[in-house]
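Same order as they appear, the protein sequences are chains C and B. According to the working numbering, the stretch in the first sequence is residues 287 to 402, in order. According to the working numbering, the stretch in the second sequence is residues 15 to 133, in order.
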Amino acid sequence: DTGVSQDPRHKITKRGQNVTFRCDPISEHNRLYWYRQTLGQGPEFLTYFQNEAQLEKSRLLSDRFSAERPKGSFSTLEIQRTEQGDSAMYLCASSPKGQGANTEAFFGQGTRLTVV
Amino acid sequence: AQKVTQAQTEISVVEKEDVTLDCVYETRDTTYYLFWYKQPPSGELVFLIRRNSFDEQNEISGRYSWNFQKSTSSFNFTITASQVVDSAVYFCALSERGPIIQGAQKLVFGQGTRLTINP
Numbered sequence: 287d288t289g290v291s292q293d294p295r296h297k298i299t300k301r302g303q304n305v306t307f308r309c310d311p312i313s314e315h316n317r318l319y320w321y322r323q324t325l326g327q328g329p330e331f332l333t334y335f336q337n338e339a340q341l342e343k344s345r346l347l348s349d350r351f352s353a354e355r356p357k358g359s360f361s362t363l364e365i366q367r368t369e370q371g372d373s374a375m376y377l378c379a380s381s382p383k384g385q386g387a388n389t390e391a392f393f394g395q396g397t398r399l400t401v402v
Numbered sequence: 015a016q017k018v019t020q021a022q023t024e025i026s027v028v029e030k031e032d033v034t035l036d037c038v039y040e041t042r043d044t045t046y047y048l049f050w051y052k053q054p055p056s057g058e059l060v061f062l063i064r065r066n067s068f069d070e071q072n073e074i075s076g077r078y079s080w081n082f083q084k085s086t087s088s089f090n091f092t093i094t095a096s097q098v099v100d101s102a103v104y105f106c107a108l109s110e111r112g113p114i115i116q117g118a119q120k121l122v123f124g125q126g127t128r129l130t131i132n133p
């Protein structure tokens with residue numbers, strides 16, 4: 287198992303363009319999370335999937351953001367009409383099904399987005 | 015609201031010194047989990063430890079140890095005999111149970127402490 291994989295690792299885009307990131311979780315993990323981390327800050331929760339169902343979205347996720355996990359495996363995060371404030375590291379994590387929060391989340395290496 | 019505070023933004027020590035990273039949390043949940051993650055320059059968050067709110071026993075793993083004190087809402091992390099490879103940003107985090115599905119691990123992170131170990 288290669289762990290959580292994110293693609294691309296780096297993305298530079300012009301303001302106003304759309305971008306899409308992909309996350310491949312650990313294969314047997316049914317829970318998938320997206321976080322955003324700005325420079326010098328800790329990660330902030332964006333959204334959560336259990337299998338293909340998106341069960342929770344943060345208020346940080348404006349209507350320009352959309353996430354999908356169509357077959358309960360990989361997930362995509364799309365940002366439309368990017369703004370400079372969207373520049374950040376976007377982290378994906380996955381965890382197996384378990385009771386309570388007694389299973390740790392495994393994080394990918396992230397996609398660093400720079401909006402110029 | 016749940017909150018994690020890591021008051022130390024940066025710490026710099028000389029190799030072989032012991033160093034303690036502080037973490038203070040706020041939550042109204044009676045059941046919660048606390049975590050420490052390490053983020054090396056590569057960017058990937060590496061899981062170090064999970065502790066549930068009912069287990070206040072301190073834990074030691076090699077050069078790492080954790081001190082959980084519910085009375086002061088603190089979960090401090092100590093590295094003994096630090097090494098250059100310990101240099102990284104360390105995050106303390108608190109699990110926030112998802113409102114719909116029990117067990118969803120939505121983490122609330124502190125701002126992180128950048129630890130530099132100098133040779």
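All C-beta atoms, glycine included, are put in the ideal place defined by N, C-alpha and C. Please read these numbers as outputs of a predicted model, since none were measured by experiment.
Listed by chain order, chain B residues near residue i by CB distance under 7 Å
i, result
"residue 325(C)", "Correct list: empty, because the minimum Cβ distance to chain B is about 11 Å."
Cβ neighbour criterion (16 or more within 10 Å) applied to residue i
i, result
"residue 346(C)", "exposed"
"residue 324(C)", "exposed"
"residue 400(C)", "exposed"
"residue 311(C)", "buried"
"residue 169(B)", "Residue 169(B) falls outside the range modelled here, since chain B spans only 15 to 133, and no answer is possible."
"residue 64(B)", "buried"
"residue 120(B)", "buried"
"residue 293(C)", "exposed"
"residue 339(C)", "exposed"
"residue 54(B)", "exposed"
"residue 381(C)", "buried"
"residue 100(B)", "buried"
"residue 70(B)", "exposed"
"residue 93(B)", "buried"
"residue 288(C)", "exposed"
Contacts that residue i makes with chain B (C-beta to C-beta distance below 9 Å)
i, result
"residue 377(C)", "57, 58, 59"
Within chain C, partners of residue i - CB distance below 7 Å
i, result
"residue 126(B)", "328"
Cutoff 8 Å: residue i Cβ touching any chain B Cβ
i, result
"residue 307(C)", "no"
"residue 395(C)", "yes"
"residue 331(C)", "yes"
Cβ of residue i within 8 Å of any chain C Cβ
i, result
"residue 123(B)", "yes"
"residue 49(B)", "yes"
"residue 105(B)", "yes"
Spatial neighbours of residue i in its chain, beta-carbon cut-off 6 Å, leaving aside the 5 residues before and after
i, result
"residue 81(B)", "72, 90"
"residue 107(B)", "49, 121, 123"
"residue 47(B)", "64, 66, 109"
"residue 26(B)", "130"
"residue 103(B)", "53, 126, 128"
"residue 132(B)", "28"
Residues of its chain near residue i, where Cβ-Cβ distance is below 7 Å and the 5 sequence neighbours each way are ignored
i, result
"residue 336(C)", "316, 317"
"residue 19(B)", "38, 124"
"residue 303(C)", "368"
"residue 395(C)", "292, 295"
"residue 15(B)", "none"
"residue 370(C)", "301, 401"
"residue 387(C)", "Confidence at residue 387(C) is low in this model, with a pLDDT of 49, below 50, so its placement is unreliable and the value that follows should be read with caution. Around residue 387(C): no qualifying Cβ."
"residue 373(C)", "399, 400, 401"
8 Å CB neighbourhood of residue i in its chain, flanking five on each side removed
i, result
"residue 305(C)", "297, 299, 364, 365, 368, 399"
Closer than 7 Å: residue i CB and nearest the ligand NAD heavy atom
i, result
"residue 330(C)", "This structure simply doesn't include the ligand NAD, nor any ligand for that matter."
Minimum Cβ-Cβ distance from residue i to chain A less than 8 Å
i, result
"residue 400(C)", "The displayed structure is made up of protein chains C and B, and chain A is not among them."
>> For the structure I just gave you, are there three or more beta carbon pairs, one from the stretch 343 to 360 of chain C and one from the stretch 28 to 39 of chain B, closer than 8 Å?
In response: no
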